[in-house]
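Visitor:
Residue numbers (my numbering): 15 to 332.
1. What does residue 150 pair with, by DSSP beta-bridge criteria?
2. Please list the segments of the alpha helix (DSSP H) lying wholly inside the segment 93-153, counting only runs of 4 or more residues, in order along the chain.
3. Work out the CA separation of residue 94 and residue 21 for me, nearest whole Å.
4. Determine the contact status of residue 295 and residue 264, defining contact as a CB-CB distance below 9 Å.
5. Spell out the partners DSSP gives residue 162 in its beta bridges.
6. For residue 54, which of helix, strand or coil comes out of DSSP?
7. Between residue 155 and residue 69, is the Cβ-Cβ spacing less than 9 Å?
8. Report the option in 149, 234, 83 whose CA atom is closest to the CA atom of residue 203.
9. Taking buried to mean at least 16 other C-beta atoms within 10 Å of its own C-beta, is residue 122 buried or exposed?
10. Terminal residues of the continuous beta strand (DSSP E) containing residue 21?
11. If contacts are defined as beta-carbon pairs under 8 Å, then residue 236 and residue 183 qualify, I think. What distance do you get, rounded to the angstrom?
12. Going by beta carbon distance, what residues of the same chain come within less than 7 Å of residue 280, once the five residues before and after it are set aside?
13. Can you list, in chain order, the residues of its chain whose CB lies under 6 Å from that of residue 266, leaving out five sequence neighbours each side?
14. What ranges does the beta strand (DSSP E) occupy inside the segment 177-259, keeping only unbroken runs of at least 3 residues that lie completely in it?
15. Can you tell me which of 117, 166, 92, 220 puts its alpha carbon nearest to the alpha carbon of residue 134?
16. From residue 33 to residue 43, what does the alpha carbon distance come to, in whole angstroms?
17. Going by C-alpha distance, which of 311, 197, 53, 46 is nearest residue 218?
18. Between the beta-carbon of residue 209 and the beta-carbon of residue 176, is there less than 9 Å?
19. Less than 9 Å separating the beta-carbons of residue 275 and residue 231?
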């Protein structure tokens, strides 16, 4: 039997249920929607999580389209899915958990007796810690961003190559290979021997069908390559960035970008201009070095010093 919260499935079965994580302010139970798929044959265990940040919905779109495709009679192994991790943030479409003003993906491995976010982190970490591999679905939140996968354990970690191989198998085309902040699931799980990646499925608030399709395809790639499903996968070449150059605005006004997401840029290329309300150019910002235009703000209005865009640097192919 496979059990996650109230969801229990025998071999060859699939079940949905709830994973209790505490109580709301009115005393009602707070629980996360979960699904377990127990394959008819023995195999590995995959943990999948979405909506760690409450306004990042593309991962939920992946889960919604993925689960109906999974036939447990055709699967080897076990798949555990938490469809909405940051329950509190999701209810009000906010990035952070409003109960404790915490970014859930800085609370791992959590504390079952701690804050609201720490309790969610502890419950979901417990569901993932004995898996063979894990996918933590994200997106660029309020920014525009290319589809990418993030490897967050750091290049000196003993599981770095395993995480990088998992990222290549997912095959989003772009990989950020940079050690992440403490408290990320993608930092905590490798320390327990579980390879994990963060697919960052596009950007901006909303529900992007193209990025969702890429996420479904990537997850199916993983299921096939790691033996959950029969078949073969040939991953394409990935463009890898090791770091970012971030650019703020030298003036207030409206941003006019001169490059598109995914474009290669060279030192001295114009990234954007800042104009006034009547189109007069106030400032021009150029690239400090070579790289790939990776991420940019969604809305054009900007204040002095406010974030505008990021260029991926230390680029290679693998």
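Positions of the beta carbon are idealized from the N, C-alpha and C atoms, including for glycine.
Guide: So, from the data block:
1. Translated into positions along the chain shown, residue 150 becomes position 136. Paired residue(s): 63.
2. 101-105, 130-142
3. Counted from its first residue, the chain shown places residue 21 at position 7. Counted from its first residue, the chain shown places residue 94 at position 80. Residue 21 and residue 94: Cα-Cα distance of roughly 10 Å.
4. Taking the chain shown and counting its residues from 1, the one referred to as residue 295 is at position 281. Taking the chain shown and counting its residues from 1, the one referred to as residue 264 is at position 250. In this structure, residue 264 does not lie closer than 9 Å to residue 295 by Cβ.
5. Residue numbering aside, residue 162 sits at position 148 when the chain shown is read from its first letter. Looking at the DSSP assignment, residue 162 forms a beta bridge with 214.
6. Here residue 54 refers to the residue found at position 40 when the chain shown is read from its first residue. Looking at residue 54 - three-state DSSP - the assignment turns out to be coil, as it is neither helix nor strand.
7. In the chain shown, residue 155 corresponds to position 141, counting from 1. In the chain shown, residue 69 corresponds to position 55, counting from 1. Yes.
8. The residue given as residue 203 occupies position 189 in the chain shown. Looking at the Cα atoms, 149 is the closest of the given residues.
9. By 1-based counting over the chain shown, the position of residue 122 is 108. Classification of residue 122: buried, given that the 10 Å Cβ count is 16 or more.
10. Here the question's residue 21 lines up with position 7 in the chain shown. Segment 21-23, the beta strand (DSSP E) holding residue 21.
11. One-based indexing of the chain shown puts residue 236 at position 222. One-based indexing of the chain shown puts residue 183 at position 169. Residue 236 to residue 183, Cβ: 6 Å. Contact.
12. The residue you call residue 280 lines up with position 266 of the chain shown. The answer, listed in chain order, is 301, 304.
13. As a first step, residue 266 is located in the chain shown; it is residue number 252 there, counting from the start. 317, 318, listed in sequence order.
14. 188-191, 210-214, 253-255
15. Indexing the chain shown from 1 puts residue 134 at position 120. Looking at the Cα atoms, 117 is the closest of the given residues.
16. Along the chain shown, read from residue 1 onward, the residue named residue 33 stands at position 19. Along the chain shown, read from residue 1 onward, the residue named residue 43 stands at position 29. One C-alpha to the other measures close to 10 Å.
17. By one-based count along the chain shown, residue 218 stands at place 204. Here the closest residue by C-alpha is 311.
18. Taking the first residue of the chain shown as 1, we reach residue 209 at position 195. Taking the first residue of the chain shown as 1, we reach residue 176 at position 162. Contact flag set, yes.
19. As a working note, residue 275 is residue 261 in the chain shown. As a working note, residue 231 is residue 217 in the chain shown. No, these two residues do not count as a Cβ contact at 9 Å.
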